[in-house]
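**Student:** Sharing a structure here in structure tokens format.
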Amino acid sequence: MLIGSAYMSDFNKSRGVVFPRNVLLGHGILGQVVGVCDDFRFPKTGMIVSGDTTYAAAGKDVKELMEDAGYEMHVHMTGAATFANSDKIIDDAHETGAKFILAVGGGSKIDLTKIASKELKIPFISIPTSAAHDGISSGRASMKSDLGPVSADAMVPMAIVADTHIISRSPYRLLASGCADVISNLTAILDWKLAKNNRNEAYSRSAEALSMYSAETIIDHSKFIRGGTEESVWVAMRPIIVSGISMSIAGSSRPTSGSEHLFSHALDILHPGTALHGEQCGVGAIMMMYLHKGDWMMVRDALENIGAPVNAEQLGLNDSDIIDALTEAHNVRKERYTILGDRGLDRKEAEAVARATMVIG
Ligand SMILES: [Zn+2]
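The sequence shown begins at 20 in our numbering and counts up one residue at a time.
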């Protein structure tokens with residue numbers, strides 16, 4: 020007893036890990052959304068959060084399926100991932116009495132719902148119509164703010180219903196970006212290990228395993244992932260979902276977000292709306308892998324196989340834009356220690372890495 024109580028008083032670490040309870044992935048799986056809601060014994064009043072394109076792609080069908088099964092579904096059309104828009108979802112849910120949310124859309128609709136359902140303390144189901152990044156399964160939301168992009172703590176989806184047929188009809192560029200986002204886990208993990216060694220930062224080998232599994236699966240299949248085939252969506256979606264889940268295990272975005280993400284965030288601040296998040300992270304991963312003295316050519320080849328951008332021109336940026344973002348990257352999230360260190364890169368160093376990796380000509 021004495022030993023037990025001494026032990027209890029010395030050891031007081033604890034942390035919860037929240038996972039999605041049900042992940043459905045496959046052709047024509049959308050019809051099973053009703054069964055998922057029934058299994059969870061959701062109350063009969065819910066809300067669909069969607070956007071114009073994504074409502075036409077899947078939201079309308081979800082509403083019909085749910086209403087045929089006796090659910091009352093309010094539709095909330097929304098836009099960009101801003102806190103003003105998540106507040107509107109919260110107000111609407113209070114007004115309509117919605118007790119759960121079905122997020123039907125790409126990244127921003129799901130991010131908005133994650134924030135709103137956390138505040139509302141009600142569950143939500145992620146129903147992606149595209150997969151441009153690994154946030155469809157994670158408990159973190161990428162939000163736009165006046166100060167640039169922020170990663171906010173949010174609700175993990177209770178279930179994911181990913182219909183490969185619907186996702187295959189979204190522009191291929193989005194899926195290629197999602198794959199590039201997951202490939203960039205390679206440098207995120209190297210940065211995390213660096214932070215563990217140099218800064219004694221908490222590290223999770225199980226999160227590392229899932230993050231690496233995701234990146235390696237995409238790289239191994241990179242020659243087979245292309246536009247116009249539903250099989251490509253099938254191959255890519257599982258690692259994209261697992262990548263998001265690695266963040267739940269870590270309790271942070273560390274296993275999927277390192278210096279390459281800092282580079283992408285810097286581009287979002289300096290040149291918002293030019294390229295997609297995953298596309299920028301992919302190009303960032305080429306350069307950060309070079310700095311880590313790793314196999315950056317392998318990263319580049321995989322991105323090229325998939326048809327994701329590998330240089331400034333393909334991102335729609337000038338050479339100087341890349342150098343600007345490289346020199347600013349270490350300032351974006353000061354607490355996130357990476358290969359860029361506290362000092363970052365000066366212009367000469369930035370130009371050298373971008374040129375050596377063929378990101379600039
Ligand atoms: Zn990302």
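C-beta: ideal position from N, C-alpha, C; glycine also.
Quick caveat: nothing in here was measured; it's all calculated off a predicted structure.
Measure the CB-CB distance between THR183 and MET307 and report whether it falls below 7 Å.
**Tutor:** Position 164 of the sequence shown, counting from 1, holds the residue named residue 183. Position 288 of the sequence shown, counting from 1, holds the residue named residue 307. No, the pair does not count as a contact, with Cβ atoms beyond the cut-off.
**Student:** Considering only residues of the same chain and omitting the five flanking positions on each side of PRO168, which have a CB-CB separation below 8 Å?
**Tutor:** Numbered from 1 along the sequence shown, position 149 holds the residue referred to as residue 168. Cβ neighbours of PRO168 beyond the five flanking positions: SER161, MET162, HIS284, ASP287, ILE288.
**Student:** Rounded to the nearest angstrom, what separates MET96 and GLU370 at their Cα positions?
**Tutor:** Here residue 96 is taken as the residue at index 77 of the sequence shown, counted from 1. Here residue 370 is taken as the residue at index 351 of the sequence shown, counted from 1. Between MET96 and GLU370, the C-alpha separation is close to 44 Å.
**Student:** Rank SER156, VAL302, LEU44, GLU279 by C-alpha distance to the C-alpha of SER251 and give the top, closest one.
**Tutor:** Within the sequence shown, numbered from 1, the residue matching residue 251 stands at position 232. Out of SER156, VAL302, LEU44, GLU279, LEU44 has the C-alpha closest to the C-alpha of SER251.
**Student:** What do you reckon, is the C-beta of CYS300 under 6 Å from a heavy atom of ligand 1?
**Tutor:** One-based indexing of the sequence shown puts residue 300 at position 281. For ligand 1, at least one heavy atom lies less than 6 Å from the Cβ of CYS300.
**Student:** Going by beta carbon distance, what residues of the same chain come within less than 8 Å of ARG245, once the five residues before and after it are set aside?
**Tutor:** Along the sequence shown, read from residue 1 onward, the residue named residue 245 stands at position 226. If we look at ARG245 and ignore the five residues flanking it on each side, its Cβ neighbours are TYR191, SER251, ILE325, GLY326.
**Student:** CB of ASP71 to nearest heavy atom of ligand 1: below 6 Å?
**Tutor:** Your numbering for residue 71 matches position 52 in the sequence shown. Every heavy atom of ligand 1 is 6 Å or more from the Cβ of ASP71, so no.
**Student:** When the Cα atoms are used, what is the spatial distance from GLU279 to ALA122?
**Tutor:** Walking along the sequence shown from the start, residue 279 turns up at place 260. Walking along the sequence shown from the start, residue 122 turns up at place 103. Taking the straight line joining both Cα atoms gives about 28 Å.
**Student:** Pop quiz: VAL37 and SER267 are said to be a contact at Cβ under 8 Å. What is the actual Cβ separation, rounded to whole angstroms?
**Tutor:** By 1-based counting over the sequence shown, the position of residue 37 is 18. By 1-based counting over the sequence shown, the position of residue 267 is 248. With 8 Å as the limit, VAL37 and SER267 qualify as a contact, their Cβ atoms being about 6 Å apart.
**Student:** For ARG159, does the three-state DSSP call read helix, strand or coil?
**Tutor:** As a working mapping, residue 159 is identified with position 140 in the sequence shown. Note: ARG159 maps to strand in three-state DSSP.
**Student:** Which whole-angstrom value is the C-beta distance of SER156 and ILE260, which I expect to be below 8 Å?
**Tutor:** Position 137 of the sequence shown, counting from 1, holds the residue named residue 156. Position 241 of the sequence shown, counting from 1, holds the residue named residue 260. Contact flag correct, Cβ pair sits at about 4 Å.
**Student:** Restricting to Cα atoms, I'd like to know which of VAL329, ALA221, ILE141, ALA195 is closest to PHE61.
**Tutor:** Position 42 of the sequence shown, counting from 1, holds the residue named residue 61. Selected option, being the one with the closest Cα: ILE141.
**Student:** Between the Cα of SER196 and the Cα atoms of ALA150, MET177, LYS215, which residue gives the shortest distance?
**Tutor:** Against the sequence shown, residue 196 aligns to sequence position 177. SER196 has its Cα closest to that of ALA150, out of ALA150, MET177, LYS215.
**Student:** Tell me which residues share the same chain as MET20 and place their Cβ nearer than 6 Å to its Cβ, disregarding the 5 neighbours each side in the sequence.
**Tutor:** The count along the sequence shown starts at 1 and reaches residue 20 at position 1. Because MET20 carries a pLDDT of 46, less than 50, the predicted location of this residue cannot be relied on, and the following value inherits that uncertainty. Same-chain partners within the cutoff: there are none.
**Student:** Do you know how far the Cα of ARG159 is from the Cα of SER170?
**Tutor:** Stepping through the sequence shown from its first residue, residue 170 is reached at position 151. Stepping through the sequence shown from its first residue, residue 159 is reached at position 140. Distance between the alpha carbons of SER170 and ARG159 is about 6 Å.
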